[in-house]
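*Asks:* Sending over a structure as structure tokens; questions will come in a sec.
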Amino acid sequence: MTIVQLERRKPPITISRSERDALERLADVWSGKQPKVADELLAELDRAKVVPDARMRTDIVRMGSTLSYSTDTGEARTVTLVYPAEADIAAGRISVLTPIGAALIGLSPGQSIEWQSRDGRAHRLTVNHVVQDSGHLAAS
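Residue 42 in our numbering sits at position 41 of the sequence shown, and the numbers go up by one each step.
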């Protein structure tokens with residue numbers, strides 16, 4: 002599956018204005034070290050609906066969100082989306098500057114997305130639950 006095919010299947014996403022600005026700066030900084038994933042993140046930010054921070058729904062994946070998702074292989078995982086310095090795969094903290102992290106930003110429960118891993122394989126996941134830092138279960 003090509004990147005063009007993956008692009009056609011991406012669901013609509015939403016991101017807050019301040020988070021979009023912060024993530025654009027992050028991608029710019031990392032573009033020299035990890036250009037492919039930085040470009041993937043920028044592409045996600047470009048296609049996102051940007052809303053004022055006060056209007057950001059609580060059931061949308063953003064930085065610091067803990068979410069559960071299921072994969073096309075039937076695997077269920079719970080992870081927290083974090084900045085690169087906080088990433089720890091063993092602890093379930095996934096960097097937004099990974100292919101799966103960039104794919105997760107802005108999704109809400111029930112949405113599915115296809116993403117391409119670093120080895121070039123296509124994967125599909127569906128978001129099931131999103132919990133924000135406050136511990137409030139946003140959707141199930």
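Every residue, glycine too, gets a C-beta built ideally from N, C-alpha and C.
Just so we're clear, the structure is a prediction, and the values are computed from it rather than from any experiment.
In this structure, what does DSSP give as the bridge partners for residue 69?
*Replies:* 79, 130
*Asks:* Under a three-way DSSP split, which group does residue 114 fall into?
*Replies:* strand
*Asks:* So residue 12 packs on residue 114, CB below 8 Å; how close in whole Å?
*Replies:* 6 Å
*Asks:* On the DSSP letters alone, give me the boundaries of the beta strand (DSSP E) that residue 52 sits inside.
*Replies:* 50-52
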